[in-house]
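Quick note: the sequence shown uses the working numbering, first residue 49, plus one each step. Don't be surprised by glycine CBs; every beta carbon is placed ideally from N, CA and C. So the structure is just underneath, and the comments pick up after that.
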Amino acid sequence: MIKKINLSMTTIDHLRALAFSFPETTEEPHFEKTSFRVKKKIFVTHDGNKNIATIKLSEADQDIFSADISIYPVPNKWGKQGWTILEMGQIHPDLFTDAVTTAYCEVAPPKLAQLIRP
Numbered sequence: 049m050i051k052k053i054n055l056s057m058t059t060i061d062h063l064r065a066l067a068f069s070f071p072e073t074t075e076e077p078h079f080e081k082t083s084f085r086v087k088k089k090i091f092v093t094h095d096g097n098k099n100i101a102t103i104k105l106s107e108a109d110q111d112i113f114s115a116d117i118s119i120y121p122v123p124n125k126w127g128k129q130g131w132t133i134l135e136m137g138q139i140h141p142d143l144f145t146d147a148v149t150t151a152y153c154e155v156a157p158p159k160l161a162q163l164i165r166p
């Protein structure tokens, strides 16, 4: 019997709970989106209309995560700067958690990032 994966966990509620599990995270509007920040720097935004999250990754991490079909660079100059789209209705919850955690660690000051990934 094949076990179905419950993809419904990757919602704004899951994103919010994950983001607030990181030290010093704040939630603020960003145009028509919701953003989560550390030390005033955005590490993830959520677009409820498109059901996507956009995260900030290093170029190397963007290449690695983009191996999954539900993750890809933003298709413009922002994508070349590491901004990466996560299709929330398609991504596996564990991969989503890892990608958002990586984004937090990319943006956070080293002392805070070490609390998440020593």
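Whole angstroms is fine: what's the gap from residue 117's alpha carbon to residue 82's?
Counting from 1 along the sequence shown, the entry for residue 117 is found at position 69. Counting from 1 along the sequence shown, the entry for residue 82 is found at position 34. Cα to Cα, residue 117 sits roughly 24 Å from residue 82.
Expressed to the nearest angstrom, what Euclidean distance is found between the alpha-carbon atoms of residue 155 and residue 86?
The sequence position of residue 155 within the sequence shown is 107, counting from 1. The sequence position of residue 86 within the sequence shown is 38, counting from 1. Cα-Cα distance, rounded: 7 Å.
Quick one: residues in its chain with C-beta nearer than 6 Å to the C-beta of residue 67, no 5 flanking neighbours on either side, listed in chain order?
Along the sequence shown, read from residue 1 onward, the residue named residue 67 stands at position 19. Once the five neighbours on either side are set aside, the close Cβ partners of residue 67 are 73 and 84.
Name the two residues that bound the continuous alpha helix (DSSP H) containing residue 155.
Counted from its first residue, the sequence shown places residue 155 at position 107. Its alpha helix (DSSP H) spans residues 141 to 155.
In the DSSP assignment, find the alpha helix (DSSP H) that holds residue 117 and state where it starts and stops.
As a working mapping, residue 117 is identified with position 69 in the sequence shown. Per DSSP, residue 117 is not a residue of any alpha helix (DSSP H), being assigned neither H nor E.
Nearest by alpha-carbon distance to residue 113: which of 130, 99 and 61 is it?
Along the sequence shown, read from residue 1 onward, the residue named residue 113 stands at position 65. Looking at the Cα atoms, 130 is the closest of the given residues.
Rounding to the nearest angstrom, what Cα-Cα distance links residue 147 and residue 62 in this structure?
Taking the sequence shown and counting its residues from 1, the one referred to as residue 147 is at position 99. Taking the sequence shown and counting its residues from 1, the one referred to as residue 62 is at position 14. The straight-line gap from Cα to Cα measures roughly 13 Å.
So what does DSSP say about residue 121, is it helix, strand or coil?
Here residue 121 refers to the residue found at position 73 when the sequence shown is read from its first residue. Of the three classes helix, strand and coil, the one that applies to residue 121 here is strand, per DSSP.
By DSSP, does residue 128 sit in helix, in strand, or in coil?
For the purposes of this step, residue 128 is taken as the residue at position 80 of the sequence shown. It is helical.
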